[in-house]
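> Numbering follows the numbering used here, with no gaps: position 40 of the sequence shown is 69. Every residue, glycine too, gets a C-beta built ideally from N, C-alpha and C. This structure is a prediction, so every number in the text was calculated from the model and none was measured. My questions will all concern the structure given below.
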Amino acid sequence: MRLLLDTHIFIWAVMDNRKLSKEARRIILDADCVFVSAASIWEASIKAGLGKLDVDVHQLVSEIEASGFVELPVRAIHAATVGTLPEIHRDPFDRLLIAQALCEPLHLMTADSQLAAYSDLVMTV
30 MRLLLDTHIF IWAVMDNRKL SKEARRIILD ADCVFVSAAS IWEASIKAGL
80 GKLDVDVHQL VSEIEASGFV ELPVRAIHAA TVGTLPEIHR DPFDRLLIAQ
130 ALCEPLHLMT ADSQLAAYSD LVMTV
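Encoded structure:
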(Lines of atoms letter the chains of each structure in order from A and count residues from 1; the text may use other names and numbers.)
(Lines give C-alpha, C1' and ligand atoms only; values in the text may rest on other atoms or scores of the structure.)
Protein backbone atom coordinates (compact mmCIF):
# COMPACT_ATOMS: atom_id res chain seq x y z
CA MET A 1 0.00 0.00 0.00
CA ARG A 2 1.16 3.50 -0.87
CA LEU A 3 0.26 5.81 2.00
CA LEU A 4 0.01 9.59 2.39
CA LEU A 5 0.03 10.83 5.99
CA ASP A 6 -2.01 13.87 6.88
CA THR A 7 -0.27 16.56 8.91
CA HIS A 8 -1.35 15.39 12.37
CA ILE A 9 -0.64 11.74 11.66
CA PHE A 10 2.86 12.64 10.42
CA ILE A 11 3.59 14.76 13.48
CA TRP A 12 2.22 12.10 15.85
CA ALA A 13 4.30 9.43 14.10
CA VAL A 14 7.62 11.26 14.30
CA MET A 15 7.00 12.55 17.84
CA ASP A 16 5.89 9.10 19.01
CA ASN A 17 2.64 10.63 20.30
CA ARG A 18 0.19 8.27 22.03
CA LYS A 19 -2.64 9.74 19.95
CA LEU A 20 -1.41 7.54 17.09
CA SER A 21 -2.88 4.10 17.68
CA LYS A 22 -0.91 0.86 17.54
CA GLU A 23 -2.98 -0.14 14.52
CA ALA A 24 -2.09 3.09 12.70
CA ARG A 25 1.60 2.55 13.52
CA ARG A 26 1.37 -0.99 12.14
CA ILE A 27 -0.21 0.24 8.91
CA ILE A 28 2.56 2.83 8.49
CA LEU A 29 5.27 0.23 9.13
CA ASP A 30 3.67 -2.25 6.72
CA ALA A 31 3.15 0.28 3.90
CA ASP A 32 5.18 -0.13 0.72
CA CYS A 33 5.89 3.58 0.65
CA VAL A 34 4.88 6.40 3.00
CA PHE A 35 4.59 9.95 1.68
CA VAL A 36 4.50 13.28 3.49
CA SER A 37 3.21 16.21 1.48
CA ALA A 38 5.07 19.50 1.25
CA ALA A 39 1.62 20.95 2.05
CA SER A 40 1.81 19.40 5.52
CA ILE A 41 5.08 21.20 6.21
CA TRP A 42 3.51 24.41 4.92
CA GLU A 43 0.51 23.91 7.22
CA ALA A 44 2.73 23.16 10.23
CA SER A 45 4.85 26.23 9.46
CA ILE A 46 1.79 28.51 9.38
CA LYS A 47 0.31 27.02 12.56
CA ALA A 48 3.66 27.23 14.37
CA GLY A 49 3.98 30.88 13.33
CA LEU A 50 0.52 31.59 14.74
CA GLY A 51 1.34 29.82 18.00
CA LYS A 52 -1.25 27.08 17.34
CA LEU A 53 1.34 24.31 17.03
CA ASP A 54 4.49 23.80 19.06
CA VAL A 55 6.91 22.20 16.60
CA ASP A 56 10.29 22.89 15.04
CA VAL A 57 9.35 22.93 11.36
CA HIS A 58 12.93 22.37 10.22
CA GLN A 59 13.07 19.30 12.43
CA LEU A 60 9.87 18.05 10.80
CA VAL A 61 11.51 18.42 7.39
CA SER A 62 14.50 16.39 8.63
CA GLU A 63 12.16 13.74 10.06
CA ILE A 64 10.66 12.98 6.65
CA GLU A 65 13.84 11.32 5.40
CA ALA A 66 14.99 10.16 8.85
CA SER A 67 11.73 8.21 9.21
CA GLY A 68 12.11 6.57 5.82
CA PHE A 69 9.23 8.60 4.41
CA VAL A 70 9.20 10.26 0.99
CA GLU A 71 8.45 13.94 0.41
CA LEU A 72 5.54 14.51 -1.97
CA PRO A 73 5.80 17.86 -3.74
CA VAL A 74 2.71 19.86 -4.63
CA ARG A 75 2.25 19.66 -8.40
CA ALA A 76 0.05 21.74 -10.70
CA ILE A 77 -2.36 18.82 -11.22
CA HIS A 78 -2.82 18.55 -7.45
CA ALA A 79 -3.70 22.24 -7.21
CA ALA A 80 -6.09 22.02 -10.18
CA THR A 81 -7.84 18.97 -8.71
CA VAL A 82 -8.67 20.91 -5.53
CA GLY A 83 -11.07 22.98 -7.64
CA THR A 84 -13.00 19.89 -8.71
CA LEU A 85 -13.64 18.64 -5.18
CA PRO A 86 -17.10 18.99 -3.62
CA GLU A 87 -17.38 21.36 -0.66
CA ILE A 88 -17.33 18.63 1.98
CA HIS A 89 -14.42 20.14 3.89
CA ARG A 90 -13.27 23.75 3.88
CA ASP A 91 -9.69 23.40 5.17
CA PRO A 92 -7.43 24.20 2.20
CA PHE A 93 -4.61 21.93 3.38
CA ASP A 94 -6.90 18.94 3.85
CA ARG A 95 -8.44 19.59 0.43
CA LEU A 96 -4.96 19.62 -1.12
CA LEU A 97 -4.06 16.34 0.60
CA ILE A 98 -7.27 14.79 -0.76
CA ALA A 99 -6.40 16.02 -4.24
CA GLN A 100 -2.91 14.53 -3.96
CA ALA A 101 -4.32 11.19 -2.79
CA LEU A 102 -6.73 11.11 -5.73
CA CYS A 103 -4.13 12.12 -8.35
CA GLU A 104 -1.28 9.83 -7.33
CA PRO A 105 -3.29 7.61 -6.16
CA LEU A 106 -2.43 7.13 -2.49
CA HIS A 107 -4.31 6.08 0.62
CA LEU A 108 -4.63 9.13 2.87
CA MET A 109 -4.33 8.30 6.57
CA THR A 110 -6.12 10.88 8.71
CA ALA A 111 -7.78 11.35 12.07
CA ASP A 112 -10.45 13.59 10.46
CA SER A 113 -13.47 11.36 9.77
CA GLN A 114 -15.12 14.11 7.69
CA LEU A 115 -12.54 13.49 4.93
CA ALA A 116 -13.76 9.93 4.38
CA ALA A 117 -16.69 11.31 2.40
CA TYR A 118 -14.32 12.22 -0.45
CA SER A 119 -13.06 8.78 -1.39
CA ASP A 120 -12.48 5.21 -0.32
CA LEU A 121 -8.78 6.12 -0.51
CA VAL A 122 -9.23 7.96 2.81
CA MET A 123 -8.33 5.84 5.83
CA THR A 124 -9.57 7.22 9.15
CA VAL A 125 -7.63 6.13 12.23
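#1: Out of Ala145, Ala140, Ile106, Asp45, which has the shortest C-alpha to C-alpha gap to Gln129?
#2: With respect to the beta strand (DSSP E) encompassing Glu116, which residues constitute its N-terminal and C-terminal limits?
#3: Using the C-alpha atoms, what's the distance from Arg119 back to Tyr147?
#4: Under the three-state reduction of DSSP, which class applies to Phe39: helix, strand or coil?
#5: Alpha carbon to alpha carbon, what distance is there between Ser50 and Pro121?
#6: Going by DSSP in three states, Leu135 sits in which element: helix, strand or coil?
#7: Taking the DSSP output, what are the residues bridged to Phe64?
#8: Tell me, to the nearest whole angstrom, how far the beta carbon of Val99 is from that of Phe64; I am working on the premise that it is less than 8 Å.
#9: What is the rounded straight-line gap between the Cα of Ile93 and the Cα of Pro115?
#10: In whole angstroms, what separates the C-alpha of Leu135 from that of Arg31?
#11: Pull up the CB-CB distance for Ala42 and Val154, whole angstroms please, since I reckon it's below 8 Å.
#12: Which first and last residues belong to the beta strand (DSSP E) in which Val151 is found?
Walking through what the data contain:
#1: Ile106
#2: That residue, Glu116, is in no beta strand (DSSP E); it is neither H nor E in DSSP.
#3: 12 Å
#4: helix
#5: 26 Å
#6: coil
#7: Leu33, Val99
#8: 5 Å
#9: 30 Å
#10: 5 Å
#11: With 8 Å as the limit, Ala42 and Val154 do not qualify as a contact, their Cβ atoms being about 11 Å apart.
#12: Counting along the chain, the beta strand (DSSP E) containing Val151 begins and ends at 151–153.
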